[in-house]
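The opening position of the sequence shown corresponds to residue 1 in full-length UniProt numbering, with each subsequent residue numbered one higher. Even glycine gets a Cβ: it sits at the ideal position worked out from N, Cα and C.
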Amino acid sequence: MEARVSSGVLTKIQSPFLSPLHASKLQSSRNMSILPNTIHTHQFSNASLYLRSTFSSRTHGFKQAIKDDSREFELSTLTALSPLDGRYWGKVKDLAPYMSEYGLIYFRVLVEIKWLLMLSQIPEVIEVPSFSAEAQSYLLGLIDGFSMDDALEVKKIERVTNHDVKAVEYFLKQKCQSQPEIAKVLEFFHFACTSEDINNLAHALMLKEAMTKVMFPTMDKLVEAICKLAKANASVSMLSRTHGQPASPTTLGKEMAIFSVRLSRERQEISQVEMMGKFAGAVGNYNAHIVAYPTVNWPQIAEQFVTSLGLKFNPYVTQIETHDYMAKLYYAIIRFNNILIDFDRDIWGYISLGYFKQVTVLMQHVDFNLLLLLLLFSQPMSFRGQNLEQITKAGEIGSSTMPHKVNPIDFENSEGNLGKANEDLTYLSMKLPISRWQRDLTDSTVLRNMGGGLGHSLLAYKSALQGIGKLQVNEARLSEDLNQAWEVLAEPIQTVMRRYGVPEPYEKLKELTRGRAVTKESIREFIEGLELPEEAKTHLLKLTPHSYVGAAVELAKTVDSAVNVINGSEVLETCR
């Protein structure tokens with residue numbers, strides 16, 4: 001199923017927007033045109049300075065915008081209130097078939113049709129006999145062939161009914177009047193259902209499809225890209241920083257491996273969340289069902305129906321499904337996002353230190369599958385030269401006033417959108433499980449905003465991927481910092497001193513290193529003066545800040561054994 005969105009500037013009719021705000025149009029500025037001319041004068045008495053600024057509704061620019069003040073702003077990527085549906089549409093539009101108003105209507109249609117088909121299989125419901133293959137094909141064709149025009153027809157009906165779910169029912173009745181078998185049982189569309197029987201299943205299916213078709217594949221590409229970065233730089237030594245100060249060395253690859261494992265773990269947790277559904281009528285008791293057909297085991301039928309859609313059945317509900325699984329899902333995504341924020345900030349810092357350079361390339365219409373292949377099969381991303389310059393694309397601008405700038409904008413964009421996503425997802429997680437008594441309507445409008453949290457998350461993942469694709473490791477800069485940090489060898493020296501019973505090892509190293517410049521020569525002189533076995537002393541003399549990395553190299557090289565992305569059972573092939 002696809003959204004059938006045409007190219008170019010997307011209008012409200014062509015595009016299934018992610019934000020519910022875009023279901024209505026924006027008035028141009030008719031009411032603003034009646035604003036009086038106003039003059040604001042600000043007096044600064046100490047400097048005898050007057051600053052006069054005139055705001056007029058009849059300035060040239062404003063006239064251009066409202067030269068026909070009866071005109072309305074048509075909804076497009078330029079007038080959309082949410083940047084997801086405007087500036088960033090190209091990066092998030094894959095979610096639109098599932099998380100938009102179009103997607104909601106589509107899945108409502110699917111649930112209504114599947115329920116009618118289920119009724120035809122219940123022997124006690126003799127009024128709905130088993131459908132012929134032709135009738136079944138006709139009904140399934142309404143699902144498979146559902147189009148943007150069909151969704152617009154539902155919205156047209158809704159303008160009369162003022163009820164979105166009832167509009168779907170009427171739409172299906174209209175569509176099926178011409179099919180003889182189905183025409184006889186039209187009143188069994190929406191049989192014994194409350195609107196939330198349809199809606200909760202539609203919402204669950206929207207989330208299930210969006211996660212499976214869009215979110216998980218992008219998460220996996222991100223984990224794979226970081227995994228590749230880890231293995232390619234497994235042996236690239238790097239000065240650690242704890243509290244912002246030089247600490248025991250590590251390798252760049254091992255620090256990247258940490259993120260790939262953390263993200264993989266949370267991705268697994270997200271995949272374990274079961275999308276749930278109810279189908280128990282107005283207050284969760286099958287009241288109407290049992291009155292109409294007392295001998296039918298309706299709870300069993302409901303469970304069969306919900307599970308047939310690939311969802312987990314929730315038998316204990318009010319009018320609505322409790323939404324607890326949604327909270328669990330969103331909180332799991334938030335944890336994934338928080339780890340990625342940590343990654344973005346670390347990369348930002350490494351770029352600031354000069355550990356990474358950025359190769360800026362044309363990415364406006366990037367194919368992220370191609371990007372991943374380039375990341376996975378290109379040569380290790382590092383330069384060993386001393387005079388590495390930033391590699392930039394002609395015409396690209398980093399700062400509007402500082403021409404030299406090449407900013408880490410992809411990681412900043414990712415971090416910002418992750419914050420916005422987490423804000424949206426946190427509210428959904430806190431709000432949706434709460435509903436007064438057997439149901440209030442506050443969840444209805446909130447549920448229409450599910451696309452926002454996922455959309456900003458998706459945008460952030462793609463921005464991070466884009467940023468990773470630009471990174472080049474500057475080993476010369478990494479080496480420079482290590483060469484100036486011989487004091488980090490105080491840790492292994494005092495540890496060996498402890499082993500061989502040298503008194504006050506910590507205190508002796510503290511006196512040597514704390515607040516003093518430490519050089520290769522001063523470290524060697526200190527080691528040679530120690531009363532240690534010759535073998536231990538020789539080993540310490542061979543240590544350098546570059547080589548003192550412990551098991552970091554092996555941890556990075558074997559990261560694939562820890563990176564599992566499919567229910568904890570399948571290692572990413574591309575990390576091998």
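With 16 other Cβ atoms within 10 Å as the buried cut-off, status of residue i
{"i": "GLU124", "result": "exposed"}
{"i": "PRO505", "result": "buried"}
{"i": "ILE493", "result": "buried"}
{"i": "GLU487", "result": "buried"}
{"i": "TYR330", "result": "buried"}
{"i": "ASP94", "result": "buried"}
{"i": "ASN474", "result": "buried"}
{"i": "PRO129", "result": "exposed"}
{"i": "GLY455", "result": "buried"}
{"i": "GLN466", "result": "buried"}
{"i": "VAL291", "result": "exposed"}
{"i": "LYS156", "result": "exposed"}
{"i": "VAL214", "result": "buried"}
{"i": "ALA464", "result": "buried"}
{"i": "MET211", "result": "buried"}
{"i": "THR442", "result": "exposed"}
{"i": "GLY529", "result": "exposed"}
Local conformation of residue i per DSSP, three classes
{"i": "SER352", "result": "helix"}
{"i": "ALA234", "result": "coil"}
{"i": "HIS265", "result": "Before going further, note that residue 265 is Arg rather than His in the sequence given. It is helical."}
{"i": "VAL283", "result": "coil"}
{"i": "LEU425", "result": "helix"}
{"i": "ARG241", "result": "strand"}
{"i": "THR519", "result": "coil"}
{"i": "VAL185", "result": "coil"}
{"i": "GLY419", "result": "helix"}
{"i": "MET276", "result": "strand"}
{"i": "GLN319", "result": "coil"}
{"i": "ILE307", "result": "A small correction: the amino acid at residue 307 is Thr; Ile does not occupy that position in the sequence shown. Looking at THR307 - three-state DSSP - the assignment turns out to be helix."}
{"i": "PHE216", "result": "helix"}
{"i": "THR250", "result": "strand"}
{"i": "GLN179", "result": "coil"}
{"i": "VAL359", "result": "strand"}
{"i": "PHE526", "result": "helix"}
{"i": "PHE131", "result": "coil"}
{"i": "PHE191", "result": "coil"}
{"i": "LYS259", "result": "The sequence given here places Phe at residue 259; Lys does not occur at that position. Correct three-state label for PHE259: helix."}
{"i": "PHE313", "result": "strand"}
{"i": "PHE73", "result": "strand"}
{"i": "GLN300", "result": "helix"}
{"i": "HIS546", "result": "coil"}
{"i": "GLU534", "result": "helix"}
Nearest-angstrom Cβ-Cβ length linking residue i and residue j, presumed shorter than 8 Å
{"i": "ASN314", "j": "THR322", "result": "7 Å"}
{"i": "CYS227", "j": "VAL563", "result": "5 Å"}
{"i": "GLN358", "j": "LYS470", "result": "5 Å"}
{"i": "GLU209", "j": "TYR98", "result": "5 Å"}
{"i": "ALA282", "j": "LEU432", "result": "20 Å between Cβ atoms; not a contact."}
{"i": "LEU478", "j": "SER235", "result": "In fact, because the Cβ distance is near 12 Å, the residues do not count as touching under 8 Å."}
{"i": "SER100", "j": "PHE171", "result": "Actually they do not touch by this definition, with Cβ atoms about 17 Å apart."}
{"i": "ILE105", "j": "TYR138", "result": "Actually they do not touch by this definition, with Cβ atoms about 19 Å apart."}
{"i": "ARG108", "j": "ALA202", "result": "5 Å"}
{"i": "ILE527", "j": "LEU512", "result": "About 11 Å; that fails the 8 Å criterion."}
{"i": "SER19", "j": "GLY451", "result": "7 Å"}
Nonlocal neighbours in the same chain, by C-beta distance under 8 Å from residue i, ignoring five residues either side
{"i": "ILE339", "result": "PHE259, ARG262, LEU263, GLU266"}
{"i": "THR318", "result": "VAL283, GLY284, SER435, TRP437, GLN438, ARG439"}
{"i": "GLY277", "result": "ASN200, LEU201, ALA204, VAL306, LEU309, LEU311, LYS312, PHE313, ASN314, GLU321"}
Nonlocal neighbours in the same chain, by C-beta distance under 6 Å from residue i, ignoring five residues either side
{"i": "ILE341", "result": "GLU415, LEU418"}
{"i": "GLN408", "result": "Before going further, note that residue 408 is Pro rather than Gln in the sequence given. Excluding residues within five positions, the ones whose Cβ falls inside 6 Å are TRP348, ILE351."}
{"i": "MET497", "result": "PRO505"}
{"i": "ASP410", "result": "SER463, GLN466, GLY467"}
Contacting residues, own chain, Cβ-Cβ under 7 Å from residue i (five flanking each side not counted)
{"i": "VAL559", "result": "CYS227, ALA230, LYS231, ALA257, SER260, VAL261, CYS575"}
{"i": "ALA280", "result": "TYR286, ALA302, VAL317"}
{"i": "PHE189", "result": "GLU112, LEU116, GLU169, LEU172, LYS173"}
{"i": "VAL549", "result": "SER237, PRO249, THR250, THR251"}
{"i": "PRO533", "result": "TYR500"}
{"i": "LEU555", "result": "LYS254, ALA257"}
heavy atom of the ligand SAM below 6 Å from residue i C-beta
{"i": "LEU532", "result": "You won't find the ligand SAM in this model; it holds no ligand whatsoever."}
Worksheet item: In the segment 139 to 170, which residue ranges form an unbroken alpha helix (DSSP H) of at least 4 residues, counting only runs that do not cross its ends?
Response: 148 to 161
Item to complete: Would you mind listing the alpha helix (DSSP H) stretches within the segment 428 to 502 that are 4+ residues and don't spill past its ends, in chain order?
Response: 442 to 447, 450 to 468, 475 to 483, 490 to 499
Discussion item. To test your reading of the DSSP string, which unbroken alpha helix (DSSP H) runs of 4 or more residues are found completely within the segment 78 to 117?
Written reply: 89 to 92, 96 to 99
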